[in-house]
Every structure is written in C-alpha cells, then in structure tokens.
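Visitor: Take this structure first; my questions come after.
There are 2 protein chains.
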Amino acid sequence: MLIVQKYGGTSVGDVDRIRNVVGRIARTRSAGHRVVAVVSAMAGETNRLLALARAAAARPDERETDALIASGEQVTAALTALSLQDAGVPAQSFLGHQVRIETDTAHGRARIRRIDVDGLRQAVDGGRVAVVAGFQGVCENGSITTLGRGGSDTSAVALAAALRADVCEIYTDVDGVYTGDPRIVPGARKLDRIAFDEMLELASLGAKVLQIRSVEFAKRYRVPVHVRSSFNDSEGTWVIEEDSSMEEVSVSGVALDRDEAKLTLKNVPDRPGVAARLFGPIAAANIVVDMIIQNASADGTTDLTFTVPRADYEKARGLVEQVAREIGASGVASQLDVAKVSIVGLGMRTHAGIAARMFEVLASEGINVQMISTSEIKISVVIDAKYAELAVRALHDALIPPAPGNPA
Amino acid sequence: MLIVQKYGGTSVGDVDRIRNVVGRIARTRSAGHRVVAVVSAMAGETNRLLALARAAAARPDERETDALIASGEQVTAALTALSLQDAGVPAQSFLGHQVRIETDTAHGRARIRRIDVDGLRQAVDGGRVAVVAGFQGVCENGSITTLGRGGSDTSAVALAAALRADVCEIYTDVDGVYTGDPRIVPGARKLDRIAFDEMLELASLGAKVLQIRSVEFAKRYRVPVHVRSSFNDSEGTWVIEEDSSMEEVSVSGVALDRDEAKLTLKNVPDRPGVAARLFGPIAAANIVVDMIIQNASADGTTDLTFTVPRADYEKARGLVEQVAREIGASGVASQLDVAKVSIVGLGMRTHAGIAARMFEVLASEGINVQMISTSEIKISVVIDAKYAELAVRALHDALIPPAPGNPA
Numbered sequence: 212m213l214i215v216q217k218y219g220g221t222s223v224g225d226v227d228r229i230r231n232v233v234g235r236i237a238r239t240r241s242a243g244h245r246v247v248a249v250v251s252a253m254a255g256e257t258n259r260l261l262a263l264a265r266a267a268a269a270r271p272d273e274r275e276t277d278a279l280i281a282s283g284e285q286v287t288a289a290l291t292a293l294s295l296q297d298a299g300v301p302a303q304s305f306l307g308h309q310v311r312i313e314t315d316t317a318h319g320r321a322r323i324r325r326i327d328v329d330g331l332r333q334a335v336d337g338g339r340v341a342v343v344a345g346f347q348g349v350c351e352n353g354s355i356t357t358l359g360r361g362g363s364d365t366s367a368v369a370l371a372a373a374l375r376a377d378v379c380e381i382y383t384d385v386d387g388v389y390t391g392d393p394r395i396v397p398g399a400r401k402l403d404r405i406a407f408d409e410m411l412e413l414a415s416l417g418a419k420v421l422q423i424r425s426v427e428f429a430k431r432y433r434v435p436v437h438v439r440s441s442f443n444d445s446e447g448t449w450v451i452e453e454d455s456s457m458e459e460v461s462v463s464g465v466a467l468d469r470d471e472a473k474l475t476l477k478n479v480p481d482r483p484g485v486a487a488r489l490f491g492p493i494a495a496a497n498i499v500v501d502m503i504i505q506n507a508s509a510d511g512t513t514d515l516t517f518t519v520p521r522a523d524y525e526k527a528r529g530l531v532e533q534v535a536r537e538i539g540a541s542g543v544a545s546q547l548d549v550a551k552v553s554i555v556g557l558g559m560r561t562h563a564g565i566a567a568r569m570f571e572v573l574a575s576e577g578i579n580v581q582m583i584s585t586s587e588i589k590i591s592v593v594i595d596a597k598y599a600e601l602a603v604r605a606l607h608d609a610l611i612p613p614a615p616g617n618p619a
Numbered sequence: 212m213l214i215v216q217k218y219g220g221t222s223v224g225d226v227d228r229i230r231n232v233v234g235r236i237a238r239t240r241s242a243g244h245r246v247v248a249v250v251s252a253m254a255g256e257t258n259r260l261l262a263l264a265r266a267a268a269a270r271p272d273e274r275e276t277d278a279l280i281a282s283g284e285q286v287t288a289a290l291t292a293l294s295l296q297d298a299g300v301p302a303q304s305f306l307g308h309q310v311r312i313e314t315d316t317a318h319g320r321a322r323i324r325r326i327d328v329d330g331l332r333q334a335v336d337g338g339r340v341a342v343v344a345g346f347q348g349v350c351e352n353g354s355i356t357t358l359g360r361g362g363s364d365t366s367a368v369a370l371a372a373a374l375r376a377d378v379c380e381i382y383t384d385v386d387g388v389y390t391g392d393p394r395i396v397p398g399a400r401k402l403d404r405i406a407f408d409e410m411l412e413l414a415s416l417g418a419k420v421l422q423i424r425s426v427e428f429a430k431r432y433r434v435p436v437h438v439r440s441s442f443n444d445s446e447g448t449w450v451i452e453e454d455s456s457m458e459e460v461s462v463s464g465v466a467l468d469r470d471e472a473k474l475t476l477k478n479v480p481d482r483p484g485v486a487a488r489l490f491g492p493i494a495a496a497n498i499v500v501d502m503i504i505q506n507a508s509a510d511g512t513t514d515l516t517f518t519v520p521r522a523d524y525e526k527a528r529g530l531v532e533q534v535a536r537e538i539g540a541s542g543v544a545s546q547l548d549v550a551k552v553s554i555v556g557l558g559m560r561t562h563a564g565i566a567a568r569m570f571e572v573l574a575s576e577g578i579n580v581q582m583i584s585t586s587e588i589k590i591s592v593v594i595d596a597k598y599a600e601l602a603v604r605a606l607h608d609a610l611i612p613p614a615p616g617n618p619a
C-alpha cells in the first residue's frame with residue numbers, strides 16, 4: 212500500500228518524539244508499505260515565529276509572515292529525514308515548492324490548486340520515505356504560502372488524493388473522533404467510523420480534530436482518512452464514505468462551539484434589499500456569518516439576528532451600527548456569552564423527531580433556545596454560554612446510545 | 212547608486228537589532244539609493260540548528276542539513292522585510308531559490324554557478340528593498356544548498372557582481388580590516404583601503420573578516436567592497452582594485468592562524484613519484500594541504516613536512532602512516548601546537564629585503580622558524596605556538612608604520 216501519514220506538532224515536539232515517529236514509519240515500511248510522511252512544525256514553534264513577526268511589525272504583512280512561519284515545518288521535515296536516515300531508513304525531505312504544491316495567493320489561508328507528485332513518486336518508488344513539510348505551498352509567482360491553522364491536515368489529505376494513496380493516517384494526541392468532548396461528557400466514546408459529511412459538520416461545528424478543508428478534500432477525492440493516536444497502536448476513527456451500516460445511528464456526535472458572538476439589528480423596516488445592505492459590507496470585510504434569523508412582527512418591522520466569529524465581533528459591530536443608521540433601524544443589540552451546541556448524524560435524514568427530542572431535552576433542563584439552524588444531518592442551537600456543558604451532556608446522554616452503534 | 216548591504220548574525224541577533232539595520236537601510240534609501248540587503252541567520256541560530264541535526268543523526272546527511280540550517284536565514288529575511296515595512300519602507304524577502312541563486316550540488320560548501328537577478332531588479336526598480344536570505348542557494352534538482360561558514364559574504368558579493376552594484380557593504384561587528392588582531396597587537400590600526408590580492412591573502416591566512424570566496428568574487432568581478440561596523444557610521448575599510456597609492460605601503464597586515472597541524476614523513480627514499488604517492492590519498496580524502504617543505508639529505512633520503520587543517524589531523528595522520536609503510540619511510544612525526552604567522556603587502560613585490568627583515572625580527576626574539584612559504588605578496592612562517600602572539604606583535608611593530616600609510 213501507499214500510505215500518507217501526517218504527524219502533528221505534539222508528535223514531533225522534540226528530537227526524541229521525532230524518533231518515535233521514525234519508529235512508526237520504519238514499522239510501516241517493514242510491513243511492506245510505501246510511506247509519504249507529512250509533518251507539522253514542532254509544538255509551539257509557529258506561535259514563537261508569529262510572536263517574532265508581531266515584535267517586528269505592528270501589522271505583519273501576510274506574504275512575509277508566510278515565509279517566516281513556513282520555516283517551522285522546514286526544520287521538522289529535515290530533522291525527520293535525518294532521523295530516518297540515522298535509523299537506516301532512506302529518506303528525503305520535500306518543501307512545498309519542491310513537491311511542488313501550488314496554491315492561490317491568499318497568504319495565510321491559501322488553497323491548493325495543483326500538486327505535482329512526480330518527485331514524491333520517484334522517491335517512494337526508489338525505496339525512500341518522502342518527508343513533506345506540511346502547511347505550506349508555493350503560489351504561481353514563487354512566493355511561499357501557508358494553508359491556515361491545521362493546514363498540515365489538508366496537505367496530507369491533498370497529497371493522498373494526488374498520489375491516489377490507499378489511506379491517509381492522521382496521527383494526533385487523541386485516540387480518534389469522539390461522540391462528544393470527553394472533558395465535558397464523561398460518557399463520550401470513540402467512533403470507529405464516521406462519514407465524510409458527518410465529519411464535515413463536526414469539524415465546522417467546533418470539533419478541532421481535523422481542519423475542515425482536509426475533510427472537504429477527503430470527501431471530494433474519496434480518500435479514506437484514519438484519525439489515530441501517535442502514542443499507541445490502537446485503531447482510531449475511520450473517516451470514510453457513507454455505507455449502509457452507518458444509517459443505523461441517528462446521532463453520531465454532539466459538538467460545542469464557544470467562539471461565536473450574536474448581533475441583533477432591531478426594528479428593521481421590513482422591505483426587500485435590507486438583508487443585502489447588511490450582509491454586503493460584512494462579507495466585504497471578510498467576516499463569515501454563521502446563523503441568520505429574521506422575525507417579522509406585526510408593525511411592519513423585523514429583528515435580524517446573526518452570529519459571527521467572536522474574533523470578528525468588534526469589526527462586525529461597527530459595520531452593523533453604520534448600517535442601522537442608514538436604514539433606520541432602532542438599534543443594535545449583541546451578546547458575547549453565547550454557545551452553539553449541535554448534534555450531527557446521518558440518521559437524522561430518516562429518523563423523524565430528532566429535532567423535537569433535542570428541544571425537549573433542552574427544555575427539561577430549563578435551557579432557553581435563542582437561535583436554531585438545521586441542515587440535512589445536523590441541528591444547531593445557540594444558547595446562553597453558562598448552559599453549554601449542561602446542554603452537551605444532556606443531549607449526549609439522551610441521544611447517543613451508550614454501546615457502539617457500529618459493528619466493532 | 213545600487214548598493215548591496217550584508218548584515219551578519221550579530222547585526223540581526225534579535226528584533227531590536229534588526230530595527231537598527233532597518234534604520235540604516237532606510238537612511239541609505241532616503242539618500243536616493245536602491246538597496247539589496249543580504250542577511251545572515253540570527254547569531255547562534257545556525258549552531259542551534261546544527262546541534263539539532265547532530266541530535267537527530269550520528270552522521271547528518273548534507274542535503275538534509277542544508278535544508279535544516281537554511282531556515283535560519285529564511286527567518287531573518289522575513290523578519291527584516293516585516294520590520295522594514297513596519298517602518299514604512301516597501302520591502303520583499305527573497306530566498307535562495309526565489310532569487311534564484313543556482314549552485315552546484317556540493318552541499319555545505321556549494322559554489323554559485325548562476326544568479327538570475329530579474330526578480331531583484333524588478334523589486335528595487337519598483338521602489339522596494341529586496342531582502343535576500345544569505346548563505347543559501349538551490350541546485351539544479353531543486354535541493355537547497357548552503358555556501359559554507361561565512362557564506363553570506365559570498366552571497367552578497369556575488370549578488371553585487373550579478374547586479375553590477377556600485378558597492379557591496381559588509382556590515383560586521385568590527386570597524387574594518389586591521390593591520391593585525393587588536394586583541395594581540397595594541398598598535399594595530401584600521402586600514403582605509405586594501406587591495407583584493409592582499410585581502411585574499413589575509414582572508415586565507417586566518418583573518419576572519421571576510422569569507423575568502425567572497426573576496427575571490429569581488430576580485431574577479433571588480434566589486435568594490437566596503438567592510439564596516441553596523442554599530443556606527445564610521446568609514447570602514449575599502450577592499451578595492453590595486454592603485455598607485457597603495458604601492459607605498461610595504462606590509463599591510465600581520466595574520467595569525469592557529470588552526471594548522473604539522474606532519475613530517477621521515478627518511479623518505481628520494482626518488483620521483485614519492486610526493487604523488489603521499490599527496491594523492493590526502494587530496495582524495497578532501498584534506499587541503501597548506502605548506503609543503505622537502506629537505507634532501509646526503510644519505511639519499513629526504514624529510515617531507517607539510518601542514519593540514521587541525522580538524523583533519525587525525526585523518527591525515529592515518530593516511531600518512533599507511534603511505535610511510537608502503538614507501539619505506541622510517542616514520543611519521545607530528546606537531547599540533549604550531550602557529551602560522553604571515554605578513555602581507557603589495558609593496559613586497561618592489562621592496563626588497565622584507566623577508567630578511569622578518570627573519571631578523573623573529574631571531575631577535577629567539578623564535579625558531581620551522582617552515583617558510585612565500586608568494587609574491589606574502590611570507591608565512593610556521594613557529595612554535597607558544598610564540599604566536601609575541602611574533603605577531605614584534606613583526607607588527609617592526610614592519611608596519613604607525614601612521615596611516617594611505618592618504619586619509
């Protein structure tokens with residue numbers, strides 16, 4: 212098999228841990244597989260470099276910041292190759308521009324456009340382990356780009372897709388994907404398998420196991436992803452295409468996101484074009500709006516409520532206040548201490564009544580639902596932040612069966 | 212003017228020092244010049260990375276070591292560009308492969324083959340400062356290479372040559388090139404000017420101001436080099452083509468090299484081909500032999516004495532002992548505590564008697580000369596290491612005039 216293995220910052224945190232990674236790669240190779248290893252920067256290194264950037268410039272330019280922080284993965288890739296060679300395993304490091312992983316020019320959040328895998332293929336077919344610096348690419352004009360936080364996941368899955376690898380293994384410091392955050396839900400259990408679409412919803416809902424774009428890649432190119440621990444040999448969670456056995460589970464996981472803020476534009480004149488006047492400037496400021504609710508009232512005005520990432524709250528508030536004056540709304544209200552709790556499951560498509568059950572559970576705990584948003588396989592609610600853990604635990608207990616729903 | 216400025220590791224040792232560098236670049240630019248800045252890794256960074264390489268592998272592969280240590284200059288180049296932008300100076304960083312600086316594949320000591328300056332020219336003509344990561348290049352197959360210790364000097368001079376820059380300024384932590392090491396010779400003084408050939412001899416004789424290959428480049432392409440301090444605005448030393456005024460000085464400097472070891476092959480049968488038998492294997496082992504002396508004696512045998520870098524002593528000794536057995540020499544003697552003291556000066560070509568004066572001075576101090584080697588503009592002697600400082604001081608006092616020999 213051709214296996215792409217991705218090792219996160221904790222797994223390559225120092226030379227000793229890199230040696231552990233080398234041991235795992237060597238065992239994989241001894242089992243007869245070809246290996247492409249994708250490595251992150253040593254834990255803490257990206258933050259150290261970003262601190263240097265902020266010390267050098269009040270508003271660091273994105274191109275130069277990318278050139279700076281990409282050095283972190285460069286160091287790990289070279290050290291991993293050196294350590295493999297030291298263990299008698301032929302190896303060669305590849306930087307983004309050496310692979311070559313071509314991206315657009317959106318520094319700090321670049322998207323992969325094209326991957327040339329000839330060099331990697333030559334390396335692995337020649338018996339070498341190819342060690343690729345994750346997180347980085349190169350744009351058309353030769354500048355170094357980076358793919359955003361967690362971008363090494365996307366590097367790994369994209370490489371697996373381009374190489375038509377048999378599996379992409381994501382090594383991390385947890386055992387796999389859980390039905391809920393174990394720090395909040397004592398009964399949370401590891402999932403053996405999860406469908407791409409479920410994982411997409413979970414990733415976008417605040418479960419930080421995989422970068423969401425890596426799951427999009429995996430889904431589009433049907434790359435089986437195996438999320439597992441770098442500290443033991445247990446099977447982790449397979450993120451794969453939906454199959455019939457999965458349908459049996461109604462809810463696969465409960466996710467919590469505390470990083471949103473809620474804004475309400477009050478008594479908006481209820482006429483066409485108002486939403487565009489509001490969300491146009493917000494989109495132009497690169498703020499991603501998550502949930503939107505509009506309540507028409509009898510007096511011909513309406514309240515428009517929406518959520519944005521908390522980091523963008525100040526910027527959004529300024530824009531909304533300006534729009535409020537322009538369109539004659541009566542004012543702007545906001546709440547920062549909100550939490551979004553979501554349940555995700557393929558089975559929700561066929562099992563009726565999951566939404567009703569969710570609201571019942573929350574009501575029985577005295578938790579007021581402020582906003583609701585649904586998709587085919589998920590329901591999200593915004594609630595007061597102080598009820599967040601209680602809501603997650605109650606929903607997990609009520610909706611997720613205690614025994615594994617997947618055949619072991 | 213188009214000016215290439217090179218800043219060493221001490222000058223870019225932290226973000227505050229980088230800000231000083233930025234101030235100097237900004238002033239140069241305000242004076243109407245275009246600037247290409249070449250930066251080294253932060254002081255200590257290359258050694259830190261090399262220590263990681265040695266922790267990862269007992270015998271670190273040179274390709275991967277280059278990929279690893281090149282990250283040091285990458286960080287400084289990006290930080291310097293960020294800091295320039297923060298000061299309102301448009302700037303863009305360039306890595307070796309982005310410039311592009313093409314080298315051969317001799318990792319760790321690569322030689323520059325070709326430089327494409329289109330990108331740099333575009334940057335400086337567009338009003339930006341081009342900040343180039345020194346020390347690094349890229350070979351034909353896309354691997355990162357490094358130019359050896361002090362390689363950023365060579366990067367700077369080579370770029371100045373390729374760009375036909377008006378001057379290459381080397382900013383360092385000393386004021387310029389001195390007639391002797393001020394730590395040893397109290398009367399040592401800064402030279403205003405020195406000829407390429409003199410600088411070549413001094414560089415190769417242990418004066419560590421400039422990497423010798425940078426001087427070769429400067430000489431070949433006639434790049435005026437200005438060695439000066441990054442901590443003040445004083446004029447430093449101009450390394451330039453020989454001119455008539457220089458001829459007046461007989462001796463420009465006294466250099467000391469403590470990094471050699473002496474080996475003697477005793478009672479070698481005095482027949483053709485013996486030297487080849489000896490120095491063939493030594494060259495094959497990549498050991499650079501410096502001085503060679505052969506004393507024929509009356510009994511048909513000869514003693515062959517030569518010096519090698521002390522770092523290569525063990526390897527050389529093993530090879531010499533093997534050759535001694537093969538050719539029937541009586542044995543091998545060696546001495547590690549030797550020092551090479553040299554005087555350098557263009558004037559030696561026309562001023563007779565400098566050598567005689569040198570031996571006189573040494574004899575009057577009771578210092579025995581073990582080996583002698585001369586070129587058109589230098590005389591080197593190997594002496595007992597314990598007399599090294601004494602010899603340097605005595606020669607400096609006797610041969611170098613106390614007042615500046617160049618018109619101020």
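Protein chains in written order, with my numbering: chain C, 212 to 619; chain A, 212 to 619.
Each residue gets a CB set at the ideal place from its N, CA and C atoms; glycine is no exception.
1) Beta-carbon separation of C/Val519 and C/Ala596 under 9 Å?
2) Sort A/Gly556, A/Glu587, A/Asn497 and A/Gly307 by Cα distance to A/Ala406 and report the nearest one.
3) Thinking just about the alpha-carbon of each residue, which of A/Val450, A/Gln505, A/Ile355 and A/Ala248 is nearest to the one in A/Val343?
4) Determine the contact status of C/Leu547 and C/Lys473, defining contact as a CB-CB distance below 9 Å.
5) So what does DSSP say about A/Gly464, is it helix, strand or coil?
6) Counting along the chain, where does the beta strand (DSSP E) carrying A/Ala472 start and finish?
7) Check the Cβ of C/His308 against every Cβ in chain A and list those closer than 7 Å, keeping chain order.
8) With a threshold of 9 Å between beta-carbons, can C/Ala321 be considered close to chain A, or not?
9) Thinking C-alpha only, which one of C/His308, C/Ala292, C/Ser294 and C/Gly255 is nearest C/Ala278?
10) Would you verify that the beta carbon of A/Ala619 is, or is not, closer than 9 Å to some beta carbon of chain C?
11) If distances are taken between C-alpha atoms only, which option among A/Asn579, A/Pro301, A/Ile323 and A/Thr239 comes closest to A/Ile594?
12) Is A/Val335 helix, strand or coil when you go by DSSP?
13) Look at the Cβ atom of A/Leu260, then the Cβ atom of A/Ile280, and state whether they are nearer than 9 Å.
14) Tell me the rounded alpha-carbon separation between A/Asp468 and A/Arg265.
15) Using Cβ-Cβ distances below 9 Å, what residues of the stretch 271-293 of chain C are close to chain A?
16) Does C/Ala429 have its Cβ less than 9 Å from a Cβ in chain A?
17) Residues of chain C with a CB under 7 Å from the CB of A/Gly353: which are they?
18) Return the chain-ordered list of same chain residues with a C-beta closer than 8 Å to the C-beta of C/Arg322, the five sequence neighbours on each side being excluded.
19) 9 Å is my cut-off, CB to CB: does C/Leu331 come that close to chain A?
20) Between which two residues does the alpha helix (DSSP H) holding C/Gln309 run?
21) Curious, which full-length beta strand (DSSP E) runs of at least 3 residues does the stretch 231-262 of chain C contain?
22) Hey, which unbroken runs of the alpha helix (DSSP H) at 4 residues or more fall wholly within the stretch 315-370 of chain A?
23) Are the beta-carbon atoms belonging to A/Val450 and A/Ala466 less than 9 Å from one another?
24) At 3 residues or longer, what runs of the beta strand (DSSP E) sit wholly inside the stretch 472-548 of chain C?
25) Can you tell me whether DSSP reads A/Lys380 as helix, strand or coil?
26) Quick one: complete alpha helix (DSSP H) runs, 4+ long, within the stretch 562-593 of chain A?
27) How long is the line joining the alpha carbons of A/Glu427 and A/Leu411, rounded to whole angstroms?
28) Which first and last residues belong to the beta strand (DSSP E) in which C/Leu666 is found?
29) Below 7 Å on C-beta distance, what does A/Ala266 contact in chain C?
30) Comparing C-alpha positions only, which one of A/Ala605, A/Pro435, A/Gln581 and A/Gln296 sits nearest to A/Val233?
31) Please report whether the beta-carbon of A/Leu358 lies at a distance below 9 Å from any beta-carbon of chain C.
32) Give the C-beta separation of C/Glu409 and C/Ser461 to the nearest angstrom, bearing in mind that I take them to be a contact with Cβ-Cβ under 8 Å.
33) What number of angstroms, rounded off, separates the C-alpha of A/Ile498 from the C-alpha of A/Pro483?
34) Determine the chain A residues that contact C/Ala229 at a beta-carbon separation under 8 Å, and present them in chain order.
35) Residues in its own chain within less than 7 Å of C/Arg311 by CB, not counting five upstream and five downstream?
36) Are the Cβ atoms of A/Val223 and A/Leu306 separated by less than 9 Å?
Guide: According to the structure shown:
1) no
2) A/Gly556
3) A/Ala248
4) yes
5) strand
6) From DSSP, the beta strand (DSSP E) with A/Ala472 extends over Glu471 to Pro480.
7) His308
8) no
9) Looking at the Cα atoms, C/His308 is the closest of the given residues.
10) Residue placement at A/Ala619 is poorly supported in this model, since its pLDDT is 36, which falls under 50; the coordinates still yield a value, given next. Not flagged as an interface residue toward chain C: A/Ala619, since no C-beta distance is shorter than 9 Å.
11) A/Asn579
12) helix
13) yes
14) 28 Å
15) Pro271, Asp272, Arg274, Glu275, Thr276, Asp277, Ala278, Leu279, Ile280, Ala281, Ser282, Gly283, Gln285, Val286, Ala288, Ala289, Leu290, Thr291, Ala292 and Leu293
16) C/Ala429 does not count as touching chain A.
17) Neighbours of A/Gly353 on chain C, chain order: Gln309.
18) Thr314, Asp315, Leu358 and Arg424
19) no
20) Gly307 to Val310
21) 245-250
22) As for any alpha helix (DSSP H) of minimum length 4 sitting wholly inside the stretch 315-370 of chain A, the runs are 329-336, ordered along the chain.
23) No. Outside cutoff.
24) Every unbroken stretch of the beta strand (DSSP E) spanning 3 or more residues and falling wholly within the stretch 472-548 of chain C is given here in chain order: 503-507, 512-520 and 542-546.
25) Correcting the residue type first, residue 380 of chain A is Glu in the shown sequence and not Lys. Of the three classes helix, strand and coil, the one that applies to A/Glu380 here is strand, per DSSP.
26) 565-575
27) The straight-line gap from Cα to Cα measures roughly 7 Å.
28) Residue 666 of chain C is absent from the model: chain C starts at 212 and stops at 619.
29) Against chain C, the beta carbon of A/Ala266 has neighbours under 7 Å at Val226, listed in chain order.
30) A/Gln296
31) no
32) That belief does not hold up - the Cβ atoms of C/Glu409 and C/Ser461 are roughly 12 Å apart, past 8 Å.
33) Looking at the two C-alpha atoms, the distance is approximately 23 Å.
34) For the record, residue 229 of chain C in the displayed sequence is Ile; it is not Ala. Near C/Ile229 (Cβ distances below 8 Å), the residues of chain A are Ala267.
35) Asp327 and Val349
36) no
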